């Protein structure tokens, strides 16, 4: 099986307090406004924090596929926060070595907050027609990660 692997790290300074960035970025319900191609269908368990699970759909290679998003860590400290989520594509065989991790971490700074986004993926794909361009896909993932943190910045600086 062929895999699409990527490890993306992006950072941005946001002229807003840590608490405001936390309220927006760590709320999975807001991710459909942050991440292109993601549609949150509903929260199916939890209170929005650790172990909460969401049903969603994601535009993968031009096709909407069902995904589950599980919050694995959500901690707000006085000067920083950590929010980690595991994303499972429902159409992928769970026996496969596939995963998507979305991590947000932030640190309070003078005059605002520095936000870090780390996105790690290892998902199988089948391209019977050999038309899929992995390099173009990776570039698109980098663009989408940059757009995501820019959207968070714009919202929090309003």
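In our numbering, the protein residues as written are 9 to 166.
Where is the CB? At the ideal position from N, CA and C, for every residue including glycine.
Here the structure is a predicted model, which is why all the values come from computation and not from measurement.
contact_flag[the segment 115-128, the segment 52-66] where n(CB pairs < 8 Å) is 3 or more:
Counting Cβ pairs under 8 Å, fewer than three are found: no touch.
According to DSSP, is residue 107 part of a helix, a strand, or is it coil?
Position 99 of the chain shown, counting from 1, holds the residue named residue 107. In this structure, residue 107 counts as strand in the three-state DSSP scheme.
Okay, do the segment 147-159 and the segment 38-46 touch, 3+ Cβ pairs below 8 Å being the bar?
Touching, yes, given that three or more Cβ pairs across the two stretches are closer than 8 Å.
With respect to the alpha helix (DSSP H) encompassing residue 41, which residues constitute its N-terminal and C-terminal limits?
In the chain shown, counting from the first residue as 1, residue 41 sits at position 33. That run of the alpha helix (DSSP H) goes 39-42.
Whole angstroms are fine: how far does the CA of residue 20 sit from the CA of residue 32?
Taking the first residue of the chain shown as 1, we reach residue 32 at position 24. Taking the first residue of the chain shown as 1, we reach residue 20 at position 12. So the two alpha carbons sit approximately 15 Å from each other.
Backbone secondary structure at residue 59 - three-state DSSP
The sequence position of residue 59 within the chain shown is 51, counting from 1. Look at residue 59 here: in three-state DSSP terms it is coil, with no helix or strand label.
Straight-line gap, residue 82 to residue 144 (C-alpha atoms, nearest Å):
Translated into the one-based positions of the chain shown, residue 82 becomes position 74. Translated into the one-based positions of the chain shown, residue 144 becomes position 136. Rounded to the nearest angstrom, the two C-alpha atoms are 32 Å apart.
Ends of the beta strand (DSSP E) at residue 78?
Taking the chain shown and counting its residues from 1, the one referred to as residue 78 is at position 70. Residue range 71-84 is occupied by the beta strand (DSSP E) that includes residue 78.
What span of residues does the beta strand (DSSP E) with residue 97 cover, start to end?
If you number the chain shown from 1, residue 97 lands on position 89. Going by DSSP, residue 97 is part of the beta strand (DSSP E) stretching over 88-97.
Residue 11, buried or exposed, once every other Cβ within 10 Å from all chains shown has been counted against 16:
Position 3 of the chain shown holds residue 11. Label assigned to residue 11: exposed.
Cβ neighbour criterion (16 or more within 10 Å) applied to residue 85:
Position 77 of the chain shown holds residue 85. An exposed status is given to residue 85, since fewer than 16 other beta-carbon atoms sit within 10 Å of its beta-carbon.
Alpha carbon to alpha carbon, what distance is there between residue 95 and residue 112?
Residue numbering aside, residue 112 sits at position 104 when the chain shown is read from its first letter. Residue numbering aside, residue 95 sits at position 87 when the chain shown is read from its first letter. When rounded, the distance between both Cα atoms is 14 Å.
Taking the alpha-carbon positions, what's the residue 147 to residue 58 distance?
The residue you call residue 147 lines up with position 139 of the chain shown. The residue you call residue 58 lines up with position 50 of the chain shown. Approximately 31 Å, taken between the alpha carbons.
Spatial neighbours of residue 90 within its chain, please: C-beta separation below 7 Å, excluding the five flanking residues on both sides.
Counted from its first residue, the chain shown places residue 90 at position 82. Only 81, 83, 113 meet the Cβ criterion.
Determine the DSSP secondary structure at residue 158, reduced to helix, strand or coil.
Translated into positions along the chain shown, residue 158 becomes position 150. DSSP places residue 158 within a helical segment (H, G or I) once states are collapsed to three.
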